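Under our numbering, the residues of the sequence shown are numbered 879 to 1244, in order.
Virtual Cβ for every residue (Gly too), placed ideally from N, Cα, C.
All of these numbers come straight from a predicted model, not from anything done at the bench.
Since the structure comes first, as C-alpha cells, the remarks are kept for the end.
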Amino acid sequence: MKNVNSEELLLSKKQLEIILKNMADAVIAQDVTGKLIFANNAAAKLLGYNGVAEMLAAPSMEYLKKYEFRDEHGQLFDSAKMPGRRAIFGEKEAQVLLQVTNRKTGQVAWVNIISTAIFNKDNKPTMVINTMQDLTDRKLAEQEKSDFLSMTSHELKTPLTSLTLFLALLRSKFSNPEKKQKYYLNRINEQVQKLIELTNDLLDVSRIETGKLRLKKEKFSLDELIMKSIEEIQPTTTKHTIRIHFETKEYVFGDVYRISQVVVNLLMNAIKYSPAGGEIDVIIERNNGEVVVKVRDKGLGIKKSQQEKIFSRLYQGDDPKSRTYPGLGLGLYISKEIIERNKGRIWVKSEEGKGSTFYFALPVFK
Ligand code: ADP
879 MKNVNSEELL LSKKQLEIIL KNMADAVIAQ DVTGKLIFAN NAAAKLLGYN GVAEMLAAPS
939 MEYLKKYEFR DEHGQLFDSA KMPGRRAIFG EKEAQVLLQV TNRKTGQVAW VNIISTAIFN
999 KDNKPTMVIN TMQDLTDRKL AEQEKSDFLS MTSHELKTPL TSLTLFLALL RSKFSNPEKK
1059 QKYYLNRINE QVQKLIELTN DLLDVSRIET GKLRLKKEKF SLDELIMKSI EEIQPTTTKH
1119 TIRIHFETKE YVFGDVYRIS QVVVNLLMNA IKYSPAGGEI DVIIERNNGE VVVKVRDKGL
1179 GIKKSQQEKI FSRLYQGDDP KSRTYPGLGL GLYISKEIIE RNKGRIWVKS EEGKGSTFYF
1239 ALPVFK
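Printed below as a string of C-alpha cells:
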C-alpha cells in the first residue's frame, strides 16, 4: 500500500473541509453517543444557529428541544427512529423525510435526512454522517399543485353535472329523433361521459395526494364483481370479445366500488391498446391465500423499460403508437393505489407486439 505522508493527509483533509463547509446541503457528523463533532454552514443555518461555532458549542441533542419532528403523514416522529441511529445499527443509507417545526417561531421546514455510519476495522461504528436537504420549497410547490388540482376538478364537476341533466332533458324532448339528431346527441353524450371520467380521475388523484381517498370495506364475491364489470364494458366494443375463465367462489374484503373501478380500467385499457380487436381473457385463480385476477390482451404490448413506469402518475407510454390514444396516464396510478390500499398487489407482464397481461391479487377473505 502506498505510504501517505502526513502533509498529503493534511492537504486532503483541508480540501474536504472546504468542500463540506460550503456545500448547499447541510452536513453534520456525530459520534456514537450523538455528540456533534462536525457541522457545515448550511447545517448551522438550517438548525437556526448564528454559525458553526455556536452550533458546536450548544448542548448535545439541543435540537430535540428546539424542534418538533413529524413524519410525512403528520404523525409525531420518534427520535429513536432517526436515520443516524438506524445507520449505527447497520442500516445502509438510512433515510427519512421530516416536517420540522421550530417550537418558538412555529416556522415549518421539510428536511430529508440521509445517514451513513462509519465503521472501524473491528466493525464497530465510530461516527455517523448526516446529510440534510431542505425540501421546503419543493414541498410547498407540490402542495400548491395539489390544491390547484383539487380546486379545478371540483369546479369542473358542477357544470358537468348540469350538462348531463340538460342532455337527458334534451333527449327526452326528442322522442323520435331524426338520424342526424340522434347521431349528434350520441356524440355529445359520449364526449360528456369522457369529460366526467377524466374529471373523476383528477379528483381521485387529488384525493390520493391529500390522503383523502376513503375506502368502504366489506366482504364481497370477486367473481360477481368481475362478471358485472364485463357486462358493463362488453357493449362498448364490437371488435373485442371479453371471455371469463374459472370462477373461484372466493370472497375478498375490500371496497367493491373502488375494486370494480380497477377491473373496468384494466378492461378499457385492454380494449384501447389492442386496436385490431380480438379476445380479451379474464382469468380468476386462487393461489396461496390470494385471489389472482389476470386481464390478458393480444394488443400492442409494453416495452420492458416501461413496464415499471406505467404505474406512476401521468406516465404514458413513449411509443408514438400508444401516444395516439387519448388519456392522461392516471388510470394505472389510481388502480395501484386502490389495490395496495386494499392490501393487494398489482403488476404486469408484457411483450411488445404480442400483448399484455395485467395481474392483481387480493387476500382471500377467511
Ligand atoms: P392512459 O391509458 O390514460 O394513458 P393508464 O395509466 O391507464 O393511462 O396507462 C398508462 C400507460 O400504460 C398507457 O399510456 C399505455 O402506454 C400503457 N398501457 C396500459 N395498459 C396497456 C395495455 N393493456 N397494453 C399496452 N399498453 C398499456
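Limits of the beta strand (DSSP E) - the one that residue i falls within
i: Asp1015; result: Careful: Asp1015 lies outside any beta strand (DSSP E), inside the alpha helix (DSSP H) at 1014-1051.
i: Ser1228; result: 1223-1229
i: Ile915; result: 914-917
i: Val1242; result: Neither: Val1242 is in no beta strand (DSSP E) and is coded neither H nor E.
i: Arg948; result: 945-948
i: Arg1164; result: 1156-1165
i: Arg1121; result: 1118-1123
i: Asp909; result: 904-909
i: Gly1132; result: 1129-1132
Cross-strand partners of residue i (DSSP beta bridge)
i: Ala1148; result: Answer by DSSP bridge pairing: none, since Ala1148 is not bridged.
i: Tyr1237; result: Lys1172, Trp1225
i: Leu976; result: Val989
i: Phe997; result: Pro1003
i: Met1010; result: Ala904, Ile991
i: Lys1095; result: Note: Lys1095 sits in no beta bridge, so no partner.
i: Leu954; result: Arg948
Same chain, Cβ closer than 8 Å to residue i, five either side skipped, listed in chain order
i: Thr1042; result: Val1070, Ile1074
i: Leu924; result: Ala904, Ala987, Val989, Met1010, Asp1012
i: Phe1052; result: Gln1059, Lys1060, Leu1063
i: Val910; result: Ile966, Pro1003, Thr1004, Met1005, Val1006
i: Leu954; result: Glu946, Phe947, Arg948
Residue interval of the alpha helix (DSSP H) (run including residue i)
i: Val1083; result: 1057-1087
i: Asn900; result: 884-900
i: Tyr927; result: No alpha helix (DSSP H) holds Tyr927; DSSP gives it neither H nor E.
i: Arg1219; result: 1209-1219
i: Ser1107; result: 1100-1111
i: Ile1180; result: That residue, Ile1180, is in no alpha helix (DSSP H); it is neither H nor E in DSSP.
i: Arg963; result: 961-966
Beta-carbon proximity list for residue i, same chain, < 6 Å, skipping 5 on both sides
i: Phe1236; result: Leu1144, Val1173, Val1226
i: Thr979; result: Glu946, Val986
i: Leu1034; result: Thr1077
i: Asp865; result: With the chain covering 879 to 1244 only, the question about residue 865 has no answer from this structure.
i: Gly1156; result: Lys1176
i: Met933; result: Ala917, Ala922, Tyr927
i: Leu1048; result: none
i: Leu975; result: Glu950, Asn990
Residue j beta carbon less than 9 Å from that of residue i
i: Ile1111; j: Ile1149; result: yes
i: Tyr1193; j: Gly1179; result: no
i: Thr1004; j: Ile992; result: no
i: Phe1243; j: Lys1127; result: no
i: Leu1100; j: Tyr1061; result: no
i: His1123; j: Ser1152; result: no
i: Val1142; j: Phe1238; result: no
i: Ile1216; j: Leu1091; result: yes
i: Lys1232; j: Ile1224; result: no
i: Lys944; j: Lys982; result: yes
i: Glu1230; j: Lys1181; result: yes
Own chain, CB closer than 7 Å to residue i, minus 5 neighbours either side, in chain order
i: Ile1120; result: Ile1108, Ile1111, Gln1112, Leu1145, Ile1158, Val1160
i: Ser1031; result: Thr1077, Leu1080, Leu1081, Ser1084
i: Tyr941; result: Leu925
i: Met901; result: Asn918, Ala920
i: Glu1087; result: Ser1024
i: Gly1132; result: Lys1095, Asn1220, Leu1240
Is the segment 1137-1147 touching the segment 1207-1225, taking contact as three or more C-beta pairs under 8 Å?
-> yes
Inset, instruction - Could you say if the segment 1005-1020 and the segment 906-916 meet the contact criterion of at least three C-beta pairs nearer than 8 Å? - result: yes
Note to self: Tell me whether the segment 926-937 and the segment 966-976 touch, counting them as touching only if at least three CB pairs, one residue from each stretch, are closer than 8 Å.
What the structure shows: no
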